[in-house]
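Now the structure itself:
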C-alpha cells in the first residue's frame, strides 16, 4: 500500500480585531484542515464558532511549542493538513510558531502562507510616515534599562521604526523615546486597530507623551508605535550626542552626562539637556 501524501502546514492570518477582515481562502483552509494549532484555543474558538467551523483545535504557544512540534510534524508526515494561527494577525510576527515552521521545513513538508491581516502593516499604512524602508522591532524589553539601551542603539537609524507595546508600559515607552530620539521627532501611536475604539495619534513625541499621559482611555488596548527615522537634515553630531547622553545619564547626573556627551561627540550641550 503506497504511503499517504504528506500533509501541508498552512500559516493562516486571522483578524487583528474586526472579524469580517478574515479572507475567504483562510476560512476555507481552516474548515478543511485536520487540526488547527492555535496560540490560545480559548481565543480562537469564538472566531471559529462565528465562522461556523468545527475543526479540532490544539494549543501551540510559547510554553509548549518545543514539546508539541514533534506530534504535529508526525501528523503531517502521515498525511494530515495542519493550520497554524495566532491570537490575531499573521502568525510568527511577535507570536509563536517559528519552531513548528522550521521543523516542518526541515522534515521536507510543504509550508504554505495564507496571507491576511497584520497589525504592523495596517498601522504603517495609515501612519503617514515614510513606508518605503522600515524596521519592525516587536516588543521592547519590559525592564527600563534594557528598553532604553535598545532605543539608544536605534537613535541614529534613518528608517521608520515600528514597535509593539503593552497598555501598562505605553507611557513609559513614549517618555523614553522622547528622551532618546528627541522631543520633536515625528511619531504615531495606533491603538486598537480595526476595533470599536480605534485611534491613531500623529504628533511629535513630546506632544504624544502629553496626550497619552493625560487620557486614561489612550492607555488601554493594544498598541503599535511608529517613529520616524533620523531626519536627513539632522546634525549627525546631535544624533550621536543624544545617543551618548542617554547612556551616560543612567550613571551620572544629567548636567554632567550632557557635558561629557557634548565633549565626546561635539553636539551642543544645551540641545542635549538644556543647561
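Numbering (our numbering), first residue to last: 3 to 277.
Ideal placement from N, C-alpha and C gives every residue a C-beta, glycine not left out.
Do residue 28 and residue 116 come within 7 Å of each other at the CB atom, strictly closer than that value? Against the chain shown, residue 116 aligns to sequence position 114. Against the chain shown, residue 28 aligns to sequence position 26. In this structure, residue 28 lies closer than 7 Å to residue 116 by Cβ.
Check whether the region 251-270 touches the region 156-175, taking contact to mean three or more Cβ pairs, one atom from each stretch, closer than 8 Å. no
If you follow the beta strand (DSSP E) that residue 114 is in, where does it begin and where does it stop? Looking up residue 114 in the chain shown gives position 112. Counting along the chain, the beta strand (DSSP E) containing residue 114 begins and ends at 112-116.
Ignore the nearest five residues each way along the sequence and tell me which others in residue 21's own chain have a CB closer than 7 Å to its CB. Residue numbering aside, residue 21 sits at position 19 when the chain shown is read from its first letter. Within the same chain, residue 21 has close Cβ partners 49, 52.
Using the rule of at least 16 other Cβ atoms within 10 Å of the residue's Cβ for burial, across every protein chain shown, is residue 218 buried or exposed? In the chain shown, residue 218 corresponds to position 216, counting from 1. Counting Cβ neighbours within 10 Å, residue 218 comes out exposed, since fewer than 16 surround it.
First and last residue of the beta strand (DSSP E) that includes residue 140? Reading the chain shown from its first residue, position 138 is the one you call residue 140. Counting along the chain, the beta strand (DSSP E) containing residue 140 begins and ends at 136-141.
Hey, which unbroken runs of the alpha helix (DSSP H) at 4 residues or more fall wholly within the region 153-238? 172-183, 207-216
N-terminal and C-terminal residue of the beta strand (DSSP E) that residue 123 is part of: For the purposes of this step, residue 123 is taken as residue 121 along the chain shown, with counting starting at 1. Taken as a continuous stretch (DSSP letters only), residue 123 belongs to no beta strand (DSSP E), being part of the alpha helix (DSSP H) at 121-129.
DSSP three-state assignment for residue 62, whether helix, strand or coil: Along the chain shown, one-based indexing puts residue 62 at 60. In this structure, residue 62 counts as coil in the three-state DSSP scheme.
What residue does the beta strand (DSSP E) around residue 38 start on, and which one ends it? Reading the chain shown from its first residue, position 36 is the one you call residue 38. Unbroken beta strand (DSSP E) run through residue 38: 37-40.
With a cut-off of 8 Å, do at least 3 Cβ pairs link the region 144-154 to the region 187-205? no
For residue 47 and residue 19, the rounded distance between their alpha carbons: Start at 1 with the first residue of the chain shown, and residue 19 comes out as number 17. Start at 1 with the first residue of the chain shown, and residue 47 comes out as number 45. Their Cα atoms are separated by approximately 15 Å.
Can you give me the C-alpha to C-alpha distance between residue 85 and residue 112, rounded to a whole angstrom? Walking along the chain shown from the start, residue 85 turns up at place 83. Walking along the chain shown from the start, residue 112 turns up at place 110. Going from the Cα of residue 85 to the Cα of residue 112 covers about 12 Å.
Can you check which of these residues, 57, 130, 140, is closest to residue 95 by C-alpha distance? Position 93 of the chain shown, counted from the first residue, corresponds to residue 95. For the residues 57, 130, 140, the minimum Cα distance to residue 95 belongs to 140.
Need the endpoints of the alpha helix (DSSP H) that residue 86 sits in, please. As a working note, residue 86 is residue 84 in the chain shown. First-last for residue 86: 84-87, but that is the beta strand (DSSP E), not the alpha helix (DSSP H).
Straight-line Cα distance separating residue 126 from residue 223: Here residue 223 refers to the residue found at position 221 when the chain shown is read from its first residue. Here residue 126 refers to the residue found at position 124 when the chain shown is read from its first residue. If you take the alpha carbons of residue 223 and residue 126, they lie about 18 Å apart.
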